[in-house]
Amino acid sequence: MTNSTTERIFIIGGTGNSGSKTVQDLISRNISVTLYARNPSKVTELFSENPLINVIQGDLADLAPLKEGLSGHTRLFLLYSNFEDFVEKKITIAKLAYAAGIKQILDISSITAGESWRSGYVGTIHRDAEQGILNIPNRGALVVLRPGRFMSNILTFERPSPDGVMYDTVNANETQGWISPNDIGAVAAAVLSEDINKHGDLVYELIGDVVSLDERSSITSRVLGRPIRYQKVSASSKYDQLMKTGMFPHGAAYNLAASIPTVPPTTTISLGISILIGREPETLEQYILSNKANLS
Numbered sequence: 001m002t003n004s005t006t007e008r009i010f011i012i013g014g015t016g017n018s019g020s021k022t023v024q025d026l027i028s029r030n031i032s033v034t035l036y037a038r039n040p041s042k043v044t045e046l047f048s049e050n051p052l053i054n055v056i057q058g059d060l061a062d063l064a065p066l067k068e069g070l071s072g073h074t075r076l077f078l079l080y081s082n083f084e085d086f087v088e089k090k091i092t093i094a095k096l097a098y099a100a101g102i103k104q105i106l107d108i109s110s111i112t113a114g115e116s117w118r119s120g121y122v123g124t125i126h127r128d129a130e131q132g133i134l135n136i137p138n139r140g141a142l143v144v145l146r147p148g149r150f151m152s153n154i155l156t157f158e159r160p161s162p163d164g165v166m167y168d169t170v171n172a173n174e175t176q177g178w179i180s181p182n183d184i185g186a187v188a189a190a191v192l193s194e195d196i197n198k199h200g201d202l203v204y205e206l207i208g209d210v211v212s213l214d215e216r217s218s219i220t221s222r223v224l225g226r227p228i229r230y231q232k233v234s235a236s237s238k239y240d241q242l243m244k245t246g247m248f249p250h251g252a253a254y255n256l257a258a259s260i261p262t263v264p265p266t267t268t269i270s271l272g273i274s275i276l277i278g279r280e281p282e283t284l285e286q287y288i289l290s291n292k293a294n295l296s
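Just so you know, the UniProt record's numbering puts 249 at position 249 of the sequence shown, and the rest follows in order with no gaps.
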């Protein structure tokens with residue numbers, strides 16, 4: 001464990017599912033954090049008033065407040081999800097951080113970054129961002145977390161329809177790897193609170209549970225107490241559903257609908273998660289149970 005009195009950790013993406021868990025774990029270890037947030041009231045709503053939490057108001061469209069705010073911090077938690085300028089923005093932020101004296105960046109990437117070169121939109125932008133940061137001259141450490149499917153997706157674009165149907169393009173007995181945002185946040189906090197040299201430039205792939213589509217529908221049905229069934233649909237149908245959410249550009253929606261389901265799925269739980277956080281990862285059933293109110 002690092003000396004908590006000398007650490008000041010800058011947080012980008014600290015009010016979402018994974019980032020808020022990281023913040024909670026860090027302050028529980030008496031480590032000071034600074035959240036870069038558009039809406040400071042949301043920080044107060046999530047964490048109440050806490051002397052270990054500082055807030056800098058700003059967004060990533062204007063990096064001037066960020067550049068000024070990074071000074072005096074030792075590490076950076078970086079979670080960025082805007083597809084439009086993803087690669088350039090992450091590299092620019094990393095350059096500013098290292099120049100300000102940041103010794104370690106903890107980057108939230110994607111397990112798709114390990115796919116074959118340029119085989120999919122999502123993996124390509126994450127891989128390019130990782131490589132761009134690695135190429136920064138005289139940089140500090142870069143620890144990368146590569147999560148699989150976020151369990152929180154089932155609360156948004158992968159939630160059951162109002163009539164109790166889950167849709168995807170694969171066969172019902174095919175398995176998919178999932179990771180709880182609570183575990184992503186816990187791993188990040190563990191890395192950020194330990195010796196920088198211990199983790200160096202390591203990459204940690206994060207799959208916490210593996211279930212088939214039939215198993216997922218059965219789990220969801222059991223927890224919610226109402227019938228939920230799985231229905232296989234065409235790639236074009238899933239693409240249309242994703243685009244209607246307004247959350248994805250064409251490349252990402254195409255990737256999720258047509259490319260990712262055609263490559264061998266990640267069907268192995270990451271055994272190292274328990275090494276990093278001292279417990280077994282959360283199962284999909286546990287996550288659905290704890291978020292039952294958001295699915296009912």
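Glycine included, every Cβ here is placed at the ideal spot set by N, Cα and C.
Reference residue i, options the options, closest by Cα
| i | options | result |
| --- | --- | --- |
| arginine 226 | Gly101, Lys292, Ser32 and Leu271 | Lys292 |
| alanine 188 | Pro40, Ile108 and Ile93 | Ile108 |
| alanine 235 | Gly120, Val223 and Tyr167 | Tyr167 |
| glycine 164 | Ser116, Val122, Trp178 and Ser217 | Ser217 |
| glycine 123 | Leu295, Ile275, Tyr254 and Ile219 | Tyr254 |
| glycine 14 | Glu49, Ile53, Glu115 and Asn30 | Ile53 |
| leucine 60 | Lys42, Leu96 and Leu192 | Leu96 |
| arginine 222 | Leu63, Leu289 and Asn171 | Leu289 |
| isoleucine 102 | Phe47, Glu115 and Ile196 | Ile196 |
| glutamate 174 | Lys232, Thr220, Phe150 and Ile154 | Lys232 |
Residue i - containing alpha helix (DSSP H), residue span
| i | result |
| --- | --- |
| glycine 123 | 121 to 134 |
| glutamate 88 | 86 to 99 |
| phenylalanine 157 | No alpha helix (DSSP H) contains phenylalanine 157, which DSSP labels as neither H nor E. |
| asparagine 54 | Here asparagine 54 belongs to no alpha helix (DSSP H); instead the beta strand (DSSP E) covers 53 to 57. |
| tyrosine 287 | 284 to 290 |
| serine 193 | Where serine 193 is concerned, there is no enclosing alpha helix (DSSP H), given that its DSSP letter is neither H nor E. |
| proline 249 | Note, proline 249: premise wrong, no alpha helix (DSSP H); not H, not E. |
| threonine 44 | 40 to 47 |
| proline 65 | 64 to 70 |
| residue 314 | The requested residue 314 does not occur in the structure, where the chain is confined to residues 1 to 296. |
Boundaries of the beta strand (DSSP E) in which residue i is found, first to last residue
| i | result |
| --- | --- |
| asparagine 147 | At residue 147 the sequence reads proline, which differs from the asparagine that was named. Note, proline 147: beta strand (DSSP E), 141 to 147. |
| arginine 8 | 8 to 12 |
| aspartate 201 | From DSSP, aspartate 201 is part of no beta strand (DSSP E); its letter is neither H nor E. |
| alanine 37 | 32 to 37 |
| glycine 177 | 175 to 179 |
Nearest-angstrom beta carbon gap, residue j and residue i [assumed within contact, 8 Å]
| i | j | result |
| --- | --- | --- |
| glutamate 68 | serine 32 | At roughly 18 Å, the Cβ-Cβ gap does not stay under 8 Å, so glutamate 68 and serine 32 are not in contact. |
| isoleucine 228 | proline 147 | The pair is not a contact, with the Cβ atoms about 24 Å apart (cut-off 8 Å). |
| glutamine 104 | valine 143 | 7 Å |
| glutamate 130 | alanine 113 | 6 Å |
| isoleucine 133 | isoleucine 91 | 6 Å |
| tyrosine 230 | aspartate 240 | 18 Å between Cβ atoms; not a contact. |
| proline 40 | glutamine 24 | So it is not a contact: roughly 17 Å between Cβ atoms. |
| valine 87 | isoleucine 125 | 6 Å |
| asparagine 294 | leucine 155 | 5 Å |
CB of residue i within 7 Å of CB of residue j, strictly
| i | j | result |
| --- | --- | --- |
| threonine 266 | isoleucine 207 | yes |
| lysine 238 | alanine 252 | no |
| phenylalanine 77 | threonine 22 | yes |
| proline 249 | phenylalanine 83 | yes |
| alanine 99 | serine 71 | no |
| isoleucine 277 | alanine 190 | yes |
| tyrosine 80 | serine 180 | no |
| aspartate 209 | threonine 268 | no |
| phenylalanine 157 | threonine 245 | yes |
| tyrosine 204 | leucine 145 | yes |
Per DSSP, cross-strand counterpart(s) of residue i
| i | result |
| --- | --- |
| leucine 76 | Phe10 and Ile105 |
| glutamine 231 | Tyr167 |
| phenylalanine 150 | Ile179 |
| valine 211 | Gln176 |
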